[in-house]
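Undergrad: Protein chains in written order, with the numbering used here: chain P, 1 to 218; chain U, 1001 to 1192.
Here a beta-carbon is modelled for each residue, glycine too, at the ideal position from N, C-alpha and C.
#1: Output needed in chain order: residues of the region 68 to 102 of chain P with a Cβ under 9 Å from some Cβ in chain U.
#2: Rounded to the nearest angstrom, what separates residue 194 of chain P and residue 41 of chain P at their Cα positions?
#3: Comparing alpha-carbon positions, which option in P:150, P:156, P:200 and P:110 lies nearest residue 32 of chain P?
#4: Taking residue 1185 of chain U as part of the beta strand (DSSP E), name the residues at either end of that continuous run.
#5: Is the beta carbon of residue 54 of chain P closer than 8 Å to that of residue 132 of chain P?
#6: Among P:138, P:18 and P:8, whose alpha-carbon lies nearest the alpha-carbon of residue 1088 of chain U?
#7: Against chain U, with Cβ distances strictly below 8 Å, would residue 13 of chain P count as a contact?
#8: What residue does the beta strand (DSSP E) around residue 1020 of chain U start on, and which one ends it?
#9: If you draw a straight line from the alpha carbon of residue 100 of chain P to that of residue 135 of chain P, how long is it in whole angstroms?
#10: With distances taken from CA atoms, which of P:192, P:6 and P:215 is nearest residue 98 of chain P?
#11: Is the separation between the beta-carbon of residue 107 of chain P and that of residue 68 of chain P shorter than 8 Å?
#12: Identify every residue that forms a DSSP beta bridge with residue 1114 of chain U.
#13: Of all Cβ atoms in chain U, is any one closer than 8 Å to the Cβ of residue 3 of chain P?
#14: At what residue ranges does the region 1035 to 1108 of chain U contain a whole run of the alpha helix (DSSP H), taking only runs of 4 or more?
#15: With distances taken from CA atoms, which of U:1095, U:1129, U:1080 and U:1090 is nearest residue 1103 of chain U?
#16: Exposed or buried, which one is residue 1124 of chain U when buried takes at least 16 other CB atoms within 10 Å?
#17: Can you say whether residue 104 of chain P is buried or exposed, counting buried as having 16 or more other CB atoms within 10 angstroms of its CB?
#18: Relative to the C-alpha of residue 143 of chain P, which candidate in P:44, P:66, P:46 and P:3 has its C-alpha closest?
#19: Which bits of chain A does residue 1108 of chain U rub up against, with CB to CB less than 9 Å?
#20: Would you mind reading off the limits of the beta strand (DSSP E) that contains residue 1142 of chain U?
#21: Give me the Cα-Cα distance between residue 237 of chain P and residue 1117 of chain U, rounded to the nearest whole angstrom.
#22: Since residue 1080 of chain U and residue 1115 of chain U should fall inside the 8 Å C-beta cutoff, what is the C-beta to C-beta distance between them, to a whole number of angstroms?
#23: Taking C-beta pairs closer than 9 Å, name the residues in chain P that residue 1088 of chain U reaches, listed in chain order.
#24: Mind listing the chain P neighbours of residue 1091 of chain U? Cutoff is C-beta to C-beta under 7 Å, in chain order.
#25: Please state whether DSSP places residue 188 of chain P in a helix, a strand or coil.
#26: Taking Cβ to Cβ, would you say residue 25 of chain P is nearer than 8 Å to residue 17 of chain P?
#27: Return the residues of the region 1142 to 1164 of chain U that lie within a Cβ-Cβ distance of less than 8 Å from chain P, sorted by chain order.
#28: List the residues of chain P that residue 1075 of chain U touches, going by C-beta distances under 9 Å, in chain order.
#29: Determine, for residue 1096 of chain U, whether the minimum Cβ-Cβ distance to residues of chain P falls below 8 Å.
#30: Please state if the CB of residue 1076 of chain U and the CB of residue 1126 of chain U are separated by a distance shorter than 8 Å.
#31: What does the alpha-carbon distance come out to for the pair residue 37 of chain P and residue 112 of chain P?
#32: Quick one, are the C-beta atoms of residue 1187 of chain U and residue 1035 of chain U less than 8 Å apart?
#33: Please state whether the Cβ-Cβ distance between residue 96 of chain P and residue 210 of chain P is less than 8 Å.
#34: At the level of alpha carbons, what is the spacing between residue 50 of chain P and residue 57 of chain P?
#35: If you drop the 5 nearest sequence neighbours on each side, which residues of the same chain put their C-beta closer than 6 Å to that of residue 1161 of chain U?
#36: Between residue 42 of chain P and the ligand ATP, is the CB less than 7 Å from at least one heavy atom?
Written out as C-alpha cells, the structure is:
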C-alpha cells in the first residue's frame, strides 16, 4: 500500500498539469479547439450546433485522450523503471493501477471542466450540457483504461502514437455509442452503460497493461 | 540466511540465436565474480537472467537474498531533479537517509539539477548511490565502471569490496582489468 502511494505520487508529479512531462494541457487545448472550430465548419446556426454539438464533443474527448499516450508507458520502459520496480517486489499490475489513476486525473477532470465553455461555444442547452457532463464522467475512465492498454502494448515500438489512435478507436466505439447516446435519451441508461463499460475496462486495464510490459521484456 | 547465487546449466536464447549454453556458476557470500567476453556474447543477458528479469532457455537459478541491479538504464526521471528522482526510489526502499549515500558518491550538490542535464558519469554515480539505499546482498552490475572518472572508479571498487566484506556478493561485467580480488568468468568458453 505504501508502495502504491509512492508510485501514485510520482505518476501524478509527472503527468499532472505543471508536471514534468509537460503535455497535460494538450488534451484540454485540443478539446477546446474542436469546440471553437466546429461552428466555423458547419455554420453558426444555433439549432444545428445544439443538435450535433454534444456528439462532436464526445468524439473530441475521445481523440484528446489519445494525445498523452505517447510517453505514458514507453519512457519508463526505456529507462528500466519497471525492471527496478520488479526487483523491489513491486508488480507491474500495481504500477499500472497507479498509472491508470494518474492518467485519468491528468486529462479527465480538465476535459470535464472544459465542457462548460465548449457547451457555450456550441450553444448547447443546459440540459444537454449536464447530460454531456455526466456521460463524459462515466466514459472518460474507460478512455483512460483503453489508452493505458494500447500505450503499454505499443511501448516497445518506435513512434507508436499514430498506431495508438488506430488501436484505441475501435475499442472505444461502445463508449461513444452509449456516452453520446445518453445525450439523446430521456433516461439515464446510456450513461449507466458507458459507466459499466468503463468499470470493466478499468478492471482489466492494469492486468492487460502489466502483461504487455512483461511480454515485451526479453 | 547467507547470500548465495547458483546457476546450473543455463542456456540463453536471444531471438533465434543461442548465445551460450551449459553455463554453471556459484557465488557465495563475500565473493565477487567478473564476467568477461566479447561484445554480443550475452553478458547483459546473463545478468538479466541472474536477476530473474529474463527466463533462461534452459537450466535453473537459485538465489537467496534481495537483488540490486545496475544496468545501462538509470531508471531516473530525466525531467525531474536528481533529488526528487532519487527520493522516489528511497521511499520505495524504505531509506530515510539519502544524504549519506549521495554525499559518498559526491552527488549531493547536484540534487537540484534536472536529471536530464547530468552527464553519463554523474547519472552512473546516482545509480550507485541508489544501490546503497538499502542493503541488498546480491549486486549485479553491468559495466559499472564505464563512464566513471578515475576517482569514482576507485570509489566503486571500494564500495564493492565493502559490500562483499559485509557478507554480500557481487557479479559484475567489465572489460577493463579491475583492482578487485574477483574470480573471472570468460563467457566465450560457453559460447554455443
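TA: Considering the structure as presented:
#1: Those residues of the region 68 to 102 of chain P placed with their C-beta closer than 9 Å to a C-beta in chain U are 75, 76, 78, 79, 80, 81, 82, 83, 84, 85, 86, 87, 88, 89 and 90, ordered along the chain.
#2: In the first chain, residue 194 of chain P corresponds to position 194, counting from 1. In the first chain, residue 41 of chain P corresponds to position 41, counting from 1. C-alpha of residue 194 of chain P to C-alpha of residue 41 of chain P: approximately 29 Å in a straight line.
#3: Numbered from its first residue, the first chain carries residue 32 of chain P at position 32. With distances taken between CA atoms, residue 32 of chain P lies nearest to P:110 out of P:150, P:156, P:200 and P:110.
#4: Numbered from its first residue, the second chain carries residue 1185 of chain U at position 185. Element bounds for residue 1185 of chain U: 1183 to 1186.
#5: As a working mapping, residue 132 of chain P is identified with position 132 in the first chain. As a working mapping, residue 54 of chain P is identified with position 54 in the first chain. Yes, the Cβ-Cβ distance between residue 132 of chain P and residue 54 of chain P is below 8 Å.
#6: By one-based count along the second chain, residue 1088 of chain U stands at place 88. The residue with the shortest Cα to Cα distance from residue 1088 of chain U is P:8.
#7: Locating residue 13 of chain P in the first chain gives position 13, counting from the first residue. Yes - at least one Cβ of chain U is within 8 Å of the one on residue 13 of chain P.
#8: By 1-based counting over the second chain, the position of residue 1020 of chain U is 20. Counting along the chain, the beta strand (DSSP E) containing residue 1020 of chain U begins and ends at 1017 to 1028.
#9: Counting from one through the first chain, the residue named residue 100 of chain P turns up at place 100. Counting from one through the first chain, the residue named residue 135 of chain P turns up at place 135. When rounded, the distance between both Cα atoms is 19 Å.
#10: Against the first chain, residue 98 of chain P aligns to sequence position 98. Taking only the C-alpha atoms, the option nearest residue 98 of chain P is P:6.
#11: Looking up residue 107 of chain P in the first chain gives position 107. Looking up residue 68 of chain P in the first chain gives position 68. Contact check for residue 107 of chain P against residue 68 of chain P passes: the beta carbons are separated by less than 8 Å.
#12: Taking the second chain and counting its residues from 1, the one referred to as residue 1114 of chain U is at position 114. Bridge partners of residue 1114 of chain U: U:1081.
#13: Here the question's residue 3 of chain P lines up with position 3 in the first chain. Answer yes: the Cβ-Cβ gap between residue 3 of chain P and chain U drops below 8 Å somewhere.
#14: The qualifying runs are 1043 to 1051, 1082 to 1093 and 1099 to 1104.
#15: Reading the second chain from its first residue, position 103 is the one you call residue 1103 of chain U. Closest by C-alpha distance to residue 1103 of chain U, out of U:1095, U:1129, U:1080 and U:1090, is U:1129.
#16: Residue 1124 of chain U sits at position 124 when you count from the first residue of the second chain. The residue is buried, with at least 16 neighbouring Cβ atoms inside 10 Å.
#17: Position 104 of the first chain, counting from 1, holds the residue named residue 104 of chain P. By the neighbour-count rule (16 or more Cβ atoms within 10 Å), residue 104 of chain P is buried.
#18: Locating residue 143 of chain P in the first chain gives position 143, where the first residue counts as 1. That would be P:66, whose Cα lies nearest to the Cα of residue 143 of chain P.
#19: In the structure shown, chain A cannot be found, because the protein chains are P and U.
#20: In the second chain, counting from the first residue as 1, residue 1142 of chain U sits at position 142. Counting along the chain, the beta strand (DSSP E) containing residue 1142 of chain U begins and ends at 1138 to 1142.
#21: No information on residue 237 of chain P is available, as it lies outside the stretch 1 to 218 that chain P covers here.
#22: For the purposes of this step, residue 1080 of chain U is taken as the residue at position 80 of the second chain. For the purposes of this step, residue 1115 of chain U is taken as the residue at position 115 of the second chain. With a Cβ gap of about 6 Å, residue 1080 of chain U and residue 1115 of chain U count as contacting.
#23: Working through the second chain from its first residue, we reach residue 1088 of chain U at position 88. Those within 9 Å of residue 1088 of chain U in chain P are 6, 7, 9, 10 and 13.
#24: If you number the second chain from 1, residue 1091 of chain U lands on position 91. In chain order: 6.
#25: Here residue 188 of chain P refers to the residue found at position 188 of the first chain. DSSP places residue 188 of chain P outside both helix and strand once states are collapsed to three, so it counts as coil.
#26: Within the first chain, numbered from 1, the residue matching residue 25 of chain P stands at position 25. Within the first chain, numbered from 1, the residue matching residue 17 of chain P stands at position 17. In contact: residue 25 of chain P and residue 17 of chain P (Cβ atoms closer than 8 Å).
#27: Answer set for the region 1142 to 1164 of chain U: empty.
#28: Taking the second chain and counting its residues from 1, the one referred to as residue 1075 of chain U is at position 75. Those within 9 Å of residue 1075 of chain U in chain P are 76, 79, 80, 81, 82, 83, 84 and 85.
#29: Here residue 1096 of chain U refers to the residue found at position 96 when the second chain is read from its first residue. No, residue 1096 of chain U does not count as interfacial toward chain P.
#30: Position 126 of the second chain holds residue 1126 of chain U. Position 76 of the second chain holds residue 1076 of chain U. Cβ atoms of residue 1126 of chain U and residue 1076 of chain U: closer than 8 Å.
#31: Walking along the first chain from the start, residue 37 of chain P turns up at place 37. Walking along the first chain from the start, residue 112 of chain P turns up at place 112. Computed Cα separation, rounded: 19 Å.
#32: Translated into the one-based positions of the second chain, residue 1187 of chain U becomes position 187. Translated into the one-based positions of the second chain, residue 1035 of chain U becomes position 35. In this structure, residue 1035 of chain U lies closer than 8 Å to residue 1187 of chain U by Cβ.
#33: Looking up residue 96 of chain P in the first chain gives position 96. Looking up residue 210 of chain P in the first chain gives position 210. Judged by beta-carbon spacing, residue 210 of chain P lies within the 8 Å limit of residue 96 of chain P, meaning their Cβ atoms are closer than that value.
#34: Locating residue 50 of chain P in the first chain gives position 50, where the first residue counts as 1. Locating residue 57 of chain P in the first chain gives position 57, where the first residue counts as 1. One C-alpha to the other measures close to 11 Å.
#35: On the second chain, residue 1161 of chain U is found 161 positions in, with the first residue counted as 1. Within the same chain, and ignoring the five residues on either side of residue 1161 of chain U in sequence, no residue has its Cβ closer than 6 Å to its Cβ.
#36: As far as ligands go, the structure on display features none, and thus does not contain the ligand ATP.
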